[in-house]
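Numbering (my numbering), first residue to last: 412 to 688.
By construction, the Cβ of each residue, glycine as well, lies at the ideal position given by its N, Cα and C atoms.
1) Can you confirm whether the region 456 to 465 touches the region 671 to 679 when touching is taken to mean that 3 or more C-beta pairs between the two stretches lie within less than 8 Å?
2) By the three-class DSSP mapping on this structure, what secondary structure does residue 657 have?
3) List the DSSP bridge partners of residue 424.
4) Can you find the residues in the same chain that come closer than 8 Å, C-beta to C-beta, to residue 442, ignoring five residues on each side of it along the sequence?
5) Reducing DSSP to helix, strand and coil, say where residue 704 ends up.
6) Cβ of residue 644 within 8 Å of Cβ of residue 570?
7) Among residues of its own chain, excluding the 5 on either side of residue 461, which ones have a beta-carbon nearer than 6 Å to its beta-carbon?
8) Is it buried or exposed, residue 471, if we count other Cβ atoms within 10 angstroms and call 16 or more buried?
9) Taking C-alpha atoms, which residue in 562, 649, 532 lies nearest to residue 548?
10) Spatial neighbours of residue 667 within its chain, please: CB distance less than 7 Å, with the 5 preceding and 5 following residues excluded, ordered by chain position.
11) Grab the span of the alpha helix (DSSP H) containing residue 581 for me, first residue to last.
12) Starting from residue 530, follow its DSSP beta bridges and name the residues at the other end.
13) Answer with buried or exposed for residue 574, where buried requires no fewer than 16 other C-beta atoms within 10 angstroms of its C-beta.
14) Based on Cα-Cα distance, which residue from 593, 586, 664, 661 lies nearest to residue 684?
15) Which residues does DSSP pair with residue 445 in a beta bridge?
16) Does DSSP put residue 648 in a helix, in a strand, or in coil?
17) Please check the pair residue 467 and residue 647, which I expect to be a contact at CB under 8 Å, by giving their CB distance rounded to whole angstroms.
18) Which residue from 561, 430, 522 puts its Cα closest to that of residue 687?
19) Give the single residue among 572, 564, 482 whose Cα lies nearest to the Cα of residue 582.
20) May I ask which residues mark the beginning and end of the beta strand (DSSP E) holding residue 483?
21) Quick check: what's the CA-CA separation for residue 662 versus residue 552?
22) For residue 420, I'd like the list of residues in its chain whose CB is within less than 8 Å of its CB, leaving aside the five on either flank, ordered along the chain.
23) Find the nearest neighbour of residue 681 within the set 521, 555, 609, judged by alpha-carbon distance.
24) Could you spell out where the alpha helix (DSSP H) holding residue 436 opens and where it closes?
25) Can you list, in chain order, the residues of its chain with a C-beta nearer than 6 Å to that of residue 527? Leave out the 5 residues immediately preceding and following it.
26) With DSSP as the reference, label residue 668 as helix, strand or coil.
27) Measure the alpha-carbon distance for residue 665 versus residue 447 and round it to whole angstroms.
28) Rounded to whole angstroms, what is the Cα-Cα separation between residue 430 and residue 657?
29) Just how far apart, CA to CA, sit residue 607 and residue 600?
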């Protein structure tokens, strides 16, 4: 735990009075005890609303390229109304320019959106070792725009056209995950080279369908970290919340969130900040 103590000055999180939880315990299915006709029945729930503190290390991330950690969307009237500018100054500006809110629509707003694959960093508990290769020893957490702002201390922007901000983000994330990006980038290059070599050897009849998307197959978070056995980074304590989102479900027997939808359990990072960098 000495490495964990050493990294607390660089990565901090909320709820210091709350004890930490092990990832295998966090991933335990949510259940509810009910009484049906005098008998106790354990009902499995799709998710529960809960918050945890955990000792972890980052072993993978998505999207696979750092410059894709922020995404842009068109600016809307709602973004203008939520700006810090007061209504009077906005009105005066509109009168001077002879414009309306429509002038702002179409501008792009950049937001953080990425995911981290976390691995349990506690080596021993009650004298029992937890294998780093155990399936339920890792999980993915989403990092939304507000939590990414807190985590990095940076505002989202077009990282593909702003090398200075990309460099700042890279320095911040290095504190969090060490040489993970370097290892992952090398793995992506190696995989791309192997794919090109293999493609040059196959015949037209062996090619995949033209409508298949390599981007969809390679950019999705995989169940296995590409570099989890070779990455050298320090563990840290973070806050994680569990919640549910509605997703499409064509199977009526599984549609527990209304017609054509079901609940899916999701985990998200919150209240965690990189202080160094």
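Reading from the atomic positions:
1) yes
2) Numbered from 1 along the chain shown, position 246 holds the residue referred to as residue 657. Correct three-state label for residue 657: strand.
3) Stepping through the chain shown from its first residue, residue 424 is reached at position 13. Paired residue(s): 683.
4) Taking the chain shown and counting its residues from 1, one reaches residue 442 at position 31. Only 453, 454, 455, 456 meet the Cβ criterion.
5) Here the chain comprises residues numbered 412 to 688, so residue 704 is not present and cannot be evaluated.
6) The count along the chain shown starts at 1 and reaches residue 644 at position 233. The count along the chain shown starts at 1 and reaches residue 570 at position 159. Not closer than 8 Å, so no.
7) Locating residue 461 in the chain shown gives position 50, where the first residue counts as 1. Once the five neighbours on either side are set aside, the close Cβ partners of residue 461 are 653.
8) Taking the chain shown and counting its residues from 1, the one referred to as residue 471 is at position 60. Burial call: buried.
9) To locate residue 548, count along the chain shown from 1; it is residue 137. Closest by alpha carbon: 532.
10) Residue mapping note: residue 667 aligns to position 256 of the chain shown, counting from 1. Cβ within range, chain order: 457, 673, 674.
11) Numbered from 1 along the chain shown, position 170 holds the residue referred to as residue 581. 574 to 588 is the span of the alpha helix (DSSP H), which, as asked, contains residue 581.
12) Taking the first residue of the chain shown as position 1, residue 530 is located at position 119. Partner(s): 468, 549.
13) Locating residue 574 in the chain shown gives position 163, counting from the first residue. Burial call: exposed.
14) Within the chain shown, residue 684 is the residue found at index 273, counting from 1. It is 586.
15) Here residue 445 is taken as the residue at index 34 of the chain shown, counted from 1. Answer is 452.
16) Within the chain shown, residue 648 is the residue found at index 237, counting from 1. In this structure, residue 648 counts as strand in the three-state DSSP scheme.
17) Along the chain shown, read from residue 1 onward, the residue named residue 467 stands at position 56. Along the chain shown, read from residue 1 onward, the residue named residue 647 stands at position 236. At roughly 7 Å, the Cβ-Cβ gap stays under 8 Å, so residue 467 and residue 647 are in contact.
18) As a working note, residue 687 is residue 276 in the chain shown. Residue 561 is the option with its Cα nearest to residue 687.
19) Residue mapping note: residue 582 aligns to position 171 of the chain shown, counting from 1. Comparing alpha-carbon positions, the option among 572, 564, 482 lying closest to residue 582 turns out to be 564.
20) Stepping through the chain shown from its first residue, residue 483 is reached at position 72. Per DSSP, residue 483 belongs to the beta strand (DSSP E) from 481 to 485.
21) As a first step, residue 662 is located in the chain shown; it is residue number 251 there, counting from the start. As a first step, residue 552 is located in the chain shown; it is residue number 141 there, counting from the start. Whole-angstrom Cα-Cα distance: 26 Å.
22) Your numbering for residue 420 matches position 9 in the chain shown. Closer than 8 Å at Cβ, skipping near neighbours: 686, 687.
23) Against the chain shown, residue 681 aligns to sequence position 270. Minimum Cα distance to residue 681 is reached at 555.
24) If you number the chain shown from 1, residue 436 lands on position 25. Element bounds for residue 436: 434 to 437.
25) Here residue 527 corresponds to residue number 116 of the chain shown, with the count starting at 1. Closer than 6 Å at Cβ, skipping near neighbours: 469, 472, 552.
26) Reading the chain shown from its first residue, position 257 is the one you call residue 668. Coil.
27) Locating residue 665 in the chain shown gives position 254, counting from the first residue. Locating residue 447 in the chain shown gives position 36, counting from the first residue. Distance between the alpha carbons of residue 665 and residue 447: 22 Å.
28) Against the chain shown, residue 430 aligns to sequence position 19. Against the chain shown, residue 657 aligns to sequence position 246. Linking residue 430 to residue 657 through their CA atoms gives a straight-line distance of about 30 Å.
29) Numbered from its first residue, the chain shown carries residue 607 at position 196. Numbered from its first residue, the chain shown carries residue 600 at position 189. So the two alpha carbons sit approximately 11 Å from each other.
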